[in-house]
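Q: Can you read through this structure? Questions will come right after.
Here it is, written out as structure tokens:
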């Protein structure tokens with residue numbers, strides 16, 4: 001019997017690259033159990049290692065080098081990458097039963113939507129991690145009232161309405177997409193996940209990062225991952241500078257457009273107090289995530305204001321796998337705020353209120369300093385019961401099968 005053929009287009013793939021690459025790696029491995037999978041992805045060491053290890057039929061395209069922290073460089077990079085993707089996609093698109101893509105590069109999604117208007121034979125499933133151009137507003141790139149934003153919104157509604165089905169990673173995102181596309185049944189909510197096999201809890205006293213800093217007896221708050229425009233880093237740094245609890249320590253692990261501001265703030269605050277209160281650790285390879293994620297008492301997950309429905313940080317799920325409570329800074333009613341409320345996983349503060357956040361940080365530090373075992377949350381248990389990797393992958397497999405049959 002002929003097996004169904006699925007074409008997966010992934011901007012990043014590889015188990016030790018970044019969280020997006022990790023997610024796509026697991027998805028491809030899951031789909032390969034049932035379907036004949038053809039992967040189209042940029043030619044990198046990560047993609048080569050993955051494809052060879054798991055014997056995945058792969059069409060490599062040249063990677064478009066760009067500076068993701070520069071809007072101009074990023075746009076030019078997306079144009080080049082999209083052009084290369086399309087040249088490769090055209091070779092297989094009439095021979096596959098399903099095309100499965102993400103929302104990045106966004107220009108590729110626009111191009112595929114245009115292609116779909118003229119070649120309707122292929123079914124199209126999209127995993128939505130970003131909603132464009134809505135995400136340009138909190139990034140301070142465009143204003144709601146601007147003509148370019150209104151024009152991009154007009155075209156994006158048509159683009160997001162084109163796929164046969166979409167998978168979104170937040171309930172707030174589902175609301176936004178339903179409003180954007182006028183569709184409901186075609187949009188499935190499947191939350192992010194993390195592996196409880198590769199990420200394991202570790203005693204703070206045994207963590208090498210904590211030991212090197214000499215913070216074993218301090219209350220350590222950690223920001224982990226992407227320090228980009230949408231992560232609310234300036235507000236977080238302002239709040240940290242206002243905190244007063246002597247036992248509080250803050251570590252930033254990762255990189256991004258705001259990392260230089262983290263370094264400057266750390267130097268200023270540390271000089272003011274006369275000791276290292278803020279540590280900028282820098283980037284950490286994904287294969288060492290377990291060490292980094294366990295280097296804290298509390299995981300800080302932050303988003304800029306006006307991010308309702310626009311993204312769900314994967315770092316929250318990775319922190320849950322490491323059994324860390326979460327202090328979330330973001331919009332009320334957003335996916336992570338609802339998640340924390342439903343499962344009692346930590347604390348919430350609205351974005352852009354540095355004084356309120358500073359007060360909450362001091363309160364949490366006081367609570368944990370007086371009684372390190374005072375929190376009764378069990379994030380890892382919640383992860384295993386509600387957000388396991390296999391649960392998410394099975395759900396994605398189901399949606400892929402439904403899309404093919406639709």
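Numbering (the UniProt record's numbering), first residue to last: 1 to 406.
Just so you know, even glycine gets a beta-carbon here, dropped at the ideal spot from N, CA and C.
Please read these numbers as outputs of a predicted model, since none were measured by experiment.
1) For residue 24, which three-state DSSP category applies?
2) So, are the CB atoms of residue 196 and residue 314 less than 9 angstroms apart?
3) Our contact map puts residue 97 next to residue 159 with C-beta atoms below 8 angstroms; I'd like the distance itself, whole angstroms only.
4) So within the segment 173 to 248, which uninterrupted alpha helix (DSSP H) runs reach at least 4 residues, ignoring any that extend past its ends?
5) Relative to the alpha-carbon of residue 156, which residue among 176, 170, 237 has its alpha-carbon at the smallest distance?
6) Between the C-alpha atoms of residue 402 and residue 125, what's the straight-line distance to the nearest angstrom?
7) Restricting to Cα atoms, I'd like to know which of 222, 294, 15 is closest to residue 277.
8) Which residues does DSSP pair with residue 5 in a beta bridge?
9) Whole angstroms is fine: what's the gap from residue 57's alpha carbon to residue 15's?
10) Mapping the DSSP letters down to three states, classify residue 123 as helix, strand or coil.
11) Across the segment 225 to 235 and the segment 71 to 84, are there enough close Cβ pairs to call them in contact, namely three or more that are closer than 8 angstroms?
12) Under three-state DSSP, which class holds residue 99?
13) When DSSP labels each residue in this structure, what does residue 407 get in the three-state scheme?
14) Terminal residues of the continuous alpha helix (DSSP H) containing residue 292?
15) Could you tell me if the beta carbon of residue 40 falls within a distance shorter than 8 angstroms of some heavy atom in the ligand NAD?
16) So what does DSSP say about residue 46, is it helix, strand or coil?
17) Go through its chain and collect everything with a Cβ distance to residue 138's Cβ below 6 angstroms, but skip five positions before and after it.
18) Consult DSSP for residue 333 and reduce its assignment to one of helix, strand or coil.
19) Consider the Cβ of residue 293: report whether some Cβ of chain D lies at a distance smaller than 9 angstroms.
20) Going by C-alpha to C-alpha distance, which of 122, 65, 253 sits closest to residue 91?
21) Using the Cβ count rule (16 or more neighbours within 10 Å means buried), how would you classify residue 328?
22) What does residue 254 pair with, by DSSP beta-bridge criteria?
23) Please classify residue 12: does DSSP put it in a helix, a strand, or coil?
24) Going by DSSP in three states, residue 137 sits in which element: helix, strand or coil?
25) What three-state label does DSSP hand residue 59 in the structure shown?
26) Excluding the five sequence neighbours on either side, which residues of its own chain have a C-beta within less than 6 angstroms of the C-beta of residue 67, listed in chain order?
27) Would you mind sorting residue 370 into buried or exposed? The rule is 16 or more other CB atoms within 10 Å of its CB.
28) Check residue 327 in the structure and name its three-state DSSP category.
29) According to DSSP, simplified to helix, strand and coil, what is residue 302?
30) Where does residue 279 fall in DSSP's three states?
31) Go to residue 346, then tell me how far its beta strand (DSSP E) extends in each direction, as first and last residue.
32) Residue 59 to residue 88, Cα distance in whole Å?
33) Which partner residues of residue 41 appear in the DSSP bridge assignment?
34) Does the Cβ of residue 332 have 16 or more other Cβ atoms within 10 Å, making it buried, or fewer, making it exposed?
A: So, to answer that:
1) Position 24 of the chain shown holds residue 24. The three-state reading of DSSP puts residue 24 in helix, counting H, G and I together.
2) Here residue 196 refers to the residue found at position 196 of the chain shown. Here residue 314 refers to the residue found at position 314 of the chain shown. Against a cut-off of 9 angstroms, the Cβ pair of residue 314 and residue 196 comes out as no contact.
3) Here residue 97 is taken as the residue at index 97 of the chain shown, counted from 1. Here residue 159 is taken as the residue at index 159 of the chain shown, counted from 1. Incorrect: roughly 22 angstroms between the Cβ atoms, too far for contact.
4) 208 to 213, 233 to 242
5) Numbered from 1 along the chain shown, position 156 holds the residue referred to as residue 156. Per the Cα distances, 176.
6) On the chain shown, residue 402 is found 402 positions in, with the first residue counted as 1. On the chain shown, residue 125 is found 125 positions in, with the first residue counted as 1. If you take the alpha carbons of residue 402 and residue 125, they lie about 10 angstroms apart.
7) By one-based count along the chain shown, residue 277 stands at place 277. If we check each option's Cα against that of residue 277, 222 comes out closest.
8) By one-based count along the chain shown, residue 5 stands at place 5. Looking at the DSSP assignment, residue 5 forms a beta bridge with 36.
9) By 1-based counting over the chain shown, the position of residue 57 is 57. By 1-based counting over the chain shown, the position of residue 15 is 15. For residue 57 and residue 15, the distance between alpha carbons rounds to 17 angstroms.
10) As a working note, residue 123 is residue 123 in the chain shown. Here residue 123 sits in strand by DSSP.
11) Cβ pair count under 8 angstroms is below three, so no.
12) On the chain shown, residue 99 is found 99 positions in, with the first residue counted as 1. DSSP places residue 99 in strand when its eight states are reduced to three.
13) Limits of the chain in this structure are 1 at one end and 406 at the other, which puts residue 407 out of reach.
14) Here residue 292 corresponds to residue number 292 of the chain shown, with the count starting at 1. Per DSSP, residue 292 belongs to the alpha helix (DSSP H) from 289 to 293.
15) No copy of the ligand NAD occurs in the structure displayed, which carries no ligand at all.
16) Start at 1 with the first residue of the chain shown, and residue 46 comes out as number 46. DSSP places residue 46 in helix when its eight states are reduced to three.
17) To locate residue 138, count along the chain shown from 1; it is residue 138. So the qualifying residues of the chain are 230, 304, 306, 307.
18) For the purposes of this step, residue 333 is taken as the residue at position 333 of the chain shown. Residue 333 falls in the coil class under three-state DSSP.
19) In the structure shown, chain D cannot be found, because there is only a single protein chain.
20) Looking up residue 91 in the chain shown gives position 91. With distances taken between Cα atoms, residue 91 lies closest to 122.
21) As a position in the chain shown, residue 328 is number 328, starting the count at 1. Classification for residue 328: buried.
22) Stepping through the chain shown from its first residue, residue 254 is reached at position 254. In DSSP, residue 254 forms a bridge with 225.
23) Indexing the chain shown from 1 puts residue 12 at position 12. Correct three-state label for residue 12: coil.
24) One-based indexing of the chain shown puts residue 137 at position 137. The answer is coil: DSSP assigns residue 137 none of H, G, I, E or B.
25) Numbered from its first residue, the chain shown carries residue 59 at position 59. Residue 59 falls in the strand class under three-state DSSP.
26) Counting from 1 along the chain shown, the entry for residue 67 is found at position 67. Only 73 meet the Cβ criterion.
27) In the chain shown, the residue the question calls residue 370 occupies position 370. Around the beta-carbon of residue 370, fewer than 16 other beta-carbon atoms lie within 10 Å, marking it exposed.
28) Within the chain shown, the letter at position 327 stands for residue 327. Looking at residue 327 - three-state DSSP - the assignment turns out to be strand.
29) Residue numbering aside, residue 302 sits at position 302 when the chain shown is read from its first letter. In this structure, residue 302 counts as strand in the three-state DSSP scheme.
30) Counted from its first residue, the chain shown places residue 279 at position 279. Residue state, collapsed to three classes: strand.
31) As a first step, residue 346 is located in the chain shown; it is residue number 346 there, counting from the start. Taken as a continuous stretch (DSSP letters only), the beta strand (DSSP E) holding residue 346 covers 346 to 349.
32) Looking up residue 59 in the chain shown gives position 59. Looking up residue 88 in the chain shown gives position 88. If you take the alpha carbons of residue 59 and residue 88, they lie about 7 angstroms apart.
33) What you label residue 41 is simply residue 41 of the chain shown in a count that begins at 1. 60, per the DSSP bridge assignment.
34) Numbered from its first residue, the chain shown carries residue 332 at position 332. Classification of residue 332: exposed, given that the 10 Å Cβ count is below 16.
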